[in-house]
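Accompanying notes for the structure given below.
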Amino acid sequence: MSENITRRKILIIEDNQTTSLIYRNYLGKEFEVTVVDNGAEALESFQQHMADLVLLDLNLPDIDGIQLLQSFREIDKHIPIIIVTGDSSYEQVSKALHLKATDYLTKPIDRGRLNVTIANAFRDVRLTKRISHLNSSSKPYIFHGMVGRSPAITTIFEIIKSAAKSSASIFITGESGTGKELCAEAIHLESDRRNRPFIALNCAAIPRELLESELFGHVRGAFTGANTERVGAAKRADGGTLFLDEIGELPVDLQSKLLRFIQTRKFQPLGSNELVAVDVRFVCATNRDPHEAIAAGILREDLYYRLNVLPIHLPPLRERGDDVVLIARELLKAISLEENKSFQRYSNAVESVFRVYKWPGNIRELSNTIRKIIVLNDGDVITPGMIPSNLIEPRQQITQSPAEDSDQATVNPLQPMWKVEQEVILMALKHCDGRVRKAAKLLEIDPSTLYRKIERWNLKV
Ligand SMILES: Nc1ncnc2c1ncn2[C@@H]1O[C@H](COP(=O)(O)OP(=O)(O)OP(=O)(O)O)[C@@H](O)[C@H]1O
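Here UniProt numbering is used: the sequence shown runs in plain steps of one and ends on residue 461.
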């Protein structure tokens with residue numbers, strides 16, 4: 001290795017001398033560390049681009065740490081900023097994460113956790129750079145069944161590829177229906193374990209009293225009704241991947257057993273005195289916010305940190321831009337075939353509705369909606385009249401937030417012309433049950449003009 005490799009720089013903002021000494025001791029060998037003990041100096045250092053990563057204590061003598069974080073983000077959107085709190089107040093952490101802090105640590109600082117958190121933050125920056133390079137070239141958009149071309153999802157494809165190479169545990173978060181199980185399978189299929197089993201256990205779908213036996217198995221006679229021996233998911237996954245979905249639903253005492261299993265790679269089936277050793281890769285998922293689950297005492301913090309070596313957050317469908325249409329088209333092909341129907345495509349207006357609707361149930365909701373449309377209708381083209389009415393709420397397609405609307409109202413009592421036009425078009429569409437031609441007739445304009453306006457403003461018909 002070259003002697004001249006520049007060490008990465010970490011800016012530490014910490015007013016407690018003992019803590020900053022500990023940081024120097026933990027990080028000084030690997031990184032070039034600069035420590036400042038107040039907000040003013042921190043801002044000055046930051047503005048001079050002295051750092052590749054920032055460790056920011058939120059409780060500073062001269063300035064509110066949250067404010068400082070906000071200023072840093074205004075200067076640099078991408079630099080990893082890890083915040084440090086003394087009291088792990090969820091409110092403060094949540095505020096900081098909302099302001100795009102990369103991660104957080106609570107005091108006292110644990111050396112292992114500090115190293116993992118910093119390594120993850122640097123990894124994310126590397127990936128972001130690779131992704132922006134990839135996004136400038138054309139690329140396939142189906143990855144192990146996951147459809148998408150948006151930067152939000154191609155970032156995930158890259159994370160999966162790089163994470164699959166290691167054996168480290170992976171913690172997937174994301175709203176319900178965002179594809180967490182599909183993502184876990186993709187990790188397995190990308191890894192060297194692909195020819196060994198992928199075992200998924202949905203902790204929310206199994207009665208609590210049966211969970212331990214489902215996970216670790218039991219010997220005959222372990223409990224009333226255990227007439228035969230049962231091999232649990234942990235053993236069945238030997239050599240492969242064990243996917244624990246809805247990990248927050250595991251009772252806390254079972255979470256301790258799982259933690260021991262992860263640490264030792266050994267477990268005891270129910271009713272047995274013998275330890276069974278296996279080689280498994282852990283992937284787990286939750287649709288809860290893990291920090292909230294920890295604060296609520298539902299998820300053990302030590303288990304979370306054990307599993308969260310490589311975090312993956314799946315973005316909701318509404319943040320994946322035009323992927324919604326790409327996914328909808330793939331689903332149309334597959335479901336039409338399954339249901340023996342002849343649908344070939346969506347009308348432009350329907351695709352506009354898909355783009356504007358927020359999809360709270362994400363891809364599962366999209367898939368269910370498309371199946372419902374296909375089952376209940378016939379033809380080649382899916383048209384607005386076939387769409388369930390819950391997808392079409394008045395004013396939903398005007399993308400301004402209510403805050404923007406009210407600002408506008410206080411400053412200027414008159415509406416801009418485009419807005420008046422949008423409202424009239426929406427009223428007409430609503431009046432005509434989304435039938436564009438009928439609405440065009442009512443408005444005395446050409447249907448093609450109306451279609452163009454619907455497209456341009458992404459109006460929901
Ligand atoms: N990017 C994608 N492209 C196409 N289909 C997808 C994509 N992501 C998910 N799906 C499909 O959406 C459905 C929901 O996915 P999955 O079960 O993996 O979500 P989940 O996040 O695990 O949901 P839950 O939190 O409710 O368990 C599945 O049918 C899956 O095949």
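No residue lacks a Cβ here, since even glycine has one placed at the ideal position from N, Cα and C. The structure presented is a predicted model; accordingly, all values stated were derived computationally and were not measured.
Simplified DSSP state of residue i, which is helix, strand or coil
i: valine 84; result: strand
i: residue 468; result: Residue 468 is absent from the structure shown; the chain starts at 1 and stops at 461.
i: valine 350; result: helix
i: alanine 101; result: coil
i: methionine 146; result: strand
i: alanine 277; result: strand
i: phenylalanine 243; result: strand
i: arginine 230; result: strand
i: leucine 55; result: strand
i: leucine 450; result: helix
i: isoleucine 13; result: strand
i: leucine 270; result: strand
i: aspartate 238; result: coil
i: aspartate 124; result: helix
i: threonine 19; result: helix
i: glutamate 32; result: strand
i: aspartate 253; result: helix
i: isoleucine 345; result: Contrary to the premise, residue 345 reads as arginine rather than isoleucine in this sequence. Reduced to three states, the DSSP call for arginine 345 is strand.
i: threonine 264; result: helix
i: threonine 383; result: coil
i: threonine 117; result: helix
i: serine 406; result: In this predicted model, serine 406 has a pLDDT of only 36, less than 50, meaning its place in the structure is not dependable enough to derive any value.
Span separating the alpha-carbon of residue i from that of residue j
i: glutamate 319; j: leucine 43; result: 32 Å
i: valine 283; j: serine 166; result: 12 Å
i: methionine 146; j: leucine 314; result: 11 Å
i: alanine 163; j: aspartate 124; result: 11 Å
i: threonine 6; j: glutamate 249; result: 45 Å
i: lysine 358; j: leucine 317; result: 8 Å
i: phenylalanine 157; j: isoleucine 142; result: 10 Å
i: arginine 456; j: isoleucine 425; result: 13 Å
i: arginine 208; j: lysine 257; result: 14 Å
i: alanine 222; j: asparagine 273; result: 11 Å
i: isoleucine 79; j: leucine 21; result: 24 Å
i: alanine 168; j: lysine 453; result: 50 Å
i: leucine 211; j: tyrosine 90; result: 30 Å
i: residue 472; j: threonine 85; result: There is no way to answer for residue 472, as the model of the chain reaches only from 1 to 461.
i: leucine 332; j: arginine 371; result: 8 Å
i: phenylalanine 216; j: glutamate 301; result: 22 Å
i: valine 54; j: glutamine 48; result: 13 Å
i: tyrosine 451; j: isoleucine 75; result: 42 Å
i: leucine 27; j: glycine 321; result: 40 Å
i: arginine 355; j: arginine 73; result: 29 Å
i: aspartate 192; j: alanine 200; result: 18 Å
i: isoleucine 35; j: arginine 329; result: Here the sequence assigns valine to residue 35, which means isoleucine is not the residue at that position. Taking the straight line joining both Cα atoms gives about 53 Å.
i: alanine 440; j: serine 448; result: 9 Å
i: leucine 270; j: valine 280; result: 19 Å
i: histidine 144; j: isoleucine 374; result: 25 Å
i: lysine 460; j: glutamate 421; result: 14 Å
i: glutamate 171; j: arginine 230; result: Checking the sequence, you will find phenylalanine at residue 171 rather than glutamate. Between phenylalanine 171 and arginine 230, the C-alpha separation is close to 27 Å.
i: lysine 29; j: histidine 218; result: 48 Å
i: lysine 430; j: isoleucine 392; result: 9 Å
i: threonine 154; j: valine 324; result: 14 Å
Neighbour flag for residue i against chain C, beta carbons, 7 Å
i: tryptophan 457; result: Among the chains in the structure shown there is no chain C, since it carries only a single protein chain.
Every unbroken beta strand (DSSP E) within the segment 279–341, with a cutoff of 3 residues, ordered by chain: 281–286 and 310–313
Validate contact between the segment 88–99 and the segment 287–295 using beta carbons, cut 8 Å, 3 pairs: yes
Those runs of the beta strand (DSSP E) which lie wholly inside the segment 156–226 and span at least 3 residues: 170–173 and 198–202
Segment contact, 8 Å Cβ cut-off, at least three pairs: the segment 103–111 with the segment 62–78: no
The segment 178–198 / the segment 236–247 touching (three or more Cβ pairs under 8 Å): yes
Inter-stretch contact at 8 Å, needing at least 3 Cβ pairs: the segment 333–343 / the segment 295–308: no
Three-pair Cβ contact test at 8 Å for the segment 342–351 versus the segment 367–387: yes
Inter-stretch contact at 8 Å, needing at least 3 Cβ pairs: the segment 181–193 / the segment 211–225: no
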